[in-house]
Each structure stands twice: as C-alpha cells, then as structure tokens.
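With mature numbering (1 follows the signal peptide of the UniProt record, and there is no 0) as the guide, the letters of the sequence shown map in order to residues -22 to -1, 1 to 352.
Don't be surprised by glycine CBs; every beta carbon is placed ideally from N, CA and C.
From a predicted model like this one, the values you see are computed outputs, not experimental measurements.
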Amino acid sequence: MRILTLCLMMVLGVFHLSTVVAQTIQSEKQSFRVVPLTQGLQYPWSVAFLPDGRLLITERAGRLRIVQKDFTLDPKPVSGLPDIIASGQGGLFDVVLHPQYSKNGWIYFAYSAPGSGGWGTALARGKLLGDQMTNVQVLFSMEPKTRSNHHFGGRIVFDEGGYVYLTLGDRGEMARAQQLDDHAGSIIRLHDDGKVPKDNPFVNRAGAKPEKFTLGNRNVQGVAIHPKTGEVWTHEHGPQGGDEINIIKPARNYGWPIITYGVNYGFGTKIGEGTVKAGLEQPLYVWVPSIAPSGMAFYKGNAFANWNNHLFIGALRAETLLRLELQGDKVVHEERLLQGSIGRIRDVRVGPDQYIYLLTDERAGGLYRLEPSK
C-alpha cells in the first residue's frame, strides 16, 4: 500500500508539474513560462554559472555536481572537497565564483566543517580542474563549534569592493547571537584570501571575533547586492513568524533574540522583549506567518524588462517565489508566484542569459528556469 501511495504521489506530482510548465503564466507585470532543466538532484542548495556554459550545483549531503551545457547532470560528483558534516540542516551550502573568476579561477563554497566540539559553518575556496577541486584553501571556520544540527546560515556574496561576506546562523542556541566572542548569529566580512579587513567594526574590541561584521542574526539564508546602491541586503528566518529583510551595515545589532516579530514554536509565547528596542535594528520587511525564505536575487536585465530592480526570494514553507517591488529601501508591493507548483524553492539566481533560475529543495529536486513567454 505504501509503495502504491508513493507511486500515485509521484504520478500526480509529475502531472501537476507538466501542467505548470506547459502553460504561460501571467503575473501582474510579466508573462512567463517555467522550463524544467535538470532533475534528480538530492536536496540541492545553490547554483553557480561557469563561463563555459556549465553549472555547478551543491547538494546538501556534501556533493558538488556539474551540469553540462545541455543541462544533463554529470553522474560523478566533483572530488577533492574537504570533510563535510551532513547532518540535520547542515552540509554543503552556497557556491559562488570570485568576481574575477576569469582571471584567477577561484570558486568559493560554504559547508559544515568538523572540528573541536562538533561542527560549524566554514568558508573555503578552490579551483576546478576537470571533475576535481584542487588547491583547496579553508579561509574561515566558525568558533566555537557544537553538535547542533540547526541554523548554519551558509550564504556567500561579494560586494563591489571585493570583500566576501558569509552568513552564520545562531546554531539553534539563540543567546550566542548577542555574543561578540562567538561567531554564531552574525555575518562575517573578509578579504577574498580570508584575511580580516582592518576596518572591520570589532577588530580592536577586546575579546571580540574580528571577522564579525554584524550580530543579532538568527539564520540568514539569502544575501544579494542591491544593483543601484551596492548595499548588502539579506533575509533571515524568524522563529514561528518574523522572517525579515535587512540591509547589512557594520556593527549593527539586528536584534535576535532580544526583539523579534515571531513567537516560540508550538506555544505562541513571547520571545525576548518585544518587537522594538532602542539601539537594535528594525527590519525593512517582515513576514508573519513565516514563509521560510531561502535564496535571493535582484533582477537586472532585458529578458524581463518589467521586473528590473525587483527583488526575488524563494520560500521553502510557502513553496513560492516572491517578487518584491521597491521604492528606495522600502518594499511597496509583494506578488507570490508559482505557489505550490514546483515545491520548496531553495535558491534563486539570475543567469548570464538574464533568465531566472530556481532550485527546489526536495529528495528529487530540480533546476528550473523562468523564461519570457513568446
């Protein structure tokens, strides 16, 4: 009976998906269609575009996969990665090319690394030679490590100055997000070689971790550079309610767990001191109830001219793609696309072809592309 039920679910899922991708979808400002490109990925987490037309896709279990130009999945994962602890929410996370990749060949990736006391989020880089990652350098590994399987963060972005940012979750131990001598619950900022910038805000603070750029972050799983201002924008998971968008600025305290718009799971009881407190940052935008955001990209291009400078965010719990219209640093309108049609959306990227690419966080996840309808 269980096998029959699973088979029926798969058939219905394929039928539902085929219905979605076969039709033109008319959103408020743009008509488009969904094109499935690559299937059979196991809980994919991130996608990056190589200049030769191939793609790199991470799988949470610790595998880095190559997708060929025709979108076929190379059956052999990339070898040469460091030890990765795939447990709970942890594993292999983001993958990003260096802004000068064509000159230096560096590929950056975030992952759950083992160490004294357990495991924690780390940042490494390497160079791809065939199907092997070579010259691997670990640039950062969070401290202290614990055996918690929650809230790793794991997103990477380069800003216009060439600094690299890595997001770190509170590891499910919320008080750590307010501690300067602890990497958890923060965003770190480094030179591309892993060295600490001299102007990082806590470099000269006794006892503070010098890599820290912010504190009070719960679990940031989306980060992108604003196309006009160059600012680092993020979104992060709240508890039960309280997912939020923020602009990241040095030394700012984003409040977790002192202030939040969410409540304790299951009980609905208050966390911290409320939603506002002097000296703590207020989010630009909040979702209550939670959508479980993951992946984030500003759109810039001609393929979807009516979406220029809009912000796109994937949602796991809500199984949707959100389009946000902005006026300055204010979100003035939200549209929900693809609700429940392709599954839990883990990553959102704008490709070199100016189309929008999505990864679904499923046991048999897929890579999809939004294309303008003809």
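- Message: What does the Cβ neighbour count give for Val328, buried or exposed, with the cut at 16 atoms within 10 Å?
- Response: buried
- Query: In three-state DSSP terms, what is Tyr243?
  - Reply: coil
- Message: Taking 8 Å as the cut-off, does the stretch 199 to 213 touch the stretch 115 to 135 (at least 3 CB pairs, one atom from each stretch)?
- Response: yes
- Item | Distance CB(Gly69)-CB(Ser94) smaller than 8 Å | no
- Message: Could you check whether the Cβ of Asn197 sits closer than 8 Å to any Cβ belonging to chain B?
- Response: The chain labelled as chain B is not found in the depicted structure, where only one protein chain is given.
- Ends of the alpha helix (DSSP H) at residue 363? No statement about residue 363 is possible, as the shown extent of the chain runs from -22 to 352 and does not include it.
- Item | Close beta carbons around Pro77, own chain, < 6 Å, minus the five adjacent residues each side | Phe136
- Query: Secondary structure at Arg154, three-state DSSP: helix, strand or coil?
  - Reply: helix
- Proximity of Glu313 and Ser5 at Cβ, strictly below 8 Å: yes
- Query: In terms of residues, what are the limits of the beta strand (DSSP E) holding Ile166?
  - Reply: 165 to 168
- Message: Please state the DSSP three-state secondary structure of residue 361.
- Response: Here the chain comprises residues numbered -22 to 352, so residue 361 is not present and cannot be evaluated.
- Task: Only counting runs of 3 or more residues, tell me where the beta strand (DSSP E) segments fall wholly within the stretch 178 to 243, in order along the chain.
- Result: 198 to 203, 210 to 214, 221 to 226
- Out of Pro60, Ala155, Phe245, state which residue places its alpha-carbon closest to the alpha-carbon of Leu117. Pro60
- Message: I need the boundaries of the beta strand (DSSP E) containing His161, first residue and last residue.
- Response: Here His161 belongs to no beta strand (DSSP E), and DSSP marks it neither H nor E.
- For Met120, the residue or residues it bridges with in DSSP: Its beta-bridge partners do not exist; DSSP assigns none.
- Message: Between which two residues does the beta strand (DSSP E) holding Ser272 run?
- Response: 271 to 276
- Query: Going by alpha carbons, who is nearest to His161 out of Val310, Phe130, Leu106?
  - Reply: Phe130
- Message: Please classify Asp221 as buried or exposed, where buried requires at least 16 other C-beta atoms within 10 Å of its C-beta.
- Response: buried
- Task: Go through its chain and collect everything with a Cβ distance to Ile44's Cβ below 7 Å, but skip five positions before and after it.
- Result: Arg32, Leu34, Asp52, Val56, Asp109
- 6 Å CB neighbourhood of His311 in its chain, flanking five on each side removed: Glu303
- Query: Where do the N-terminal and C-terminal ends of the beta strand (DSSP E) with Ile35 fall, by residue?
  - Reply: 33 to 37
- For Gly163 versus Gly147, is the C-beta distance shorter than 8 Å? yes
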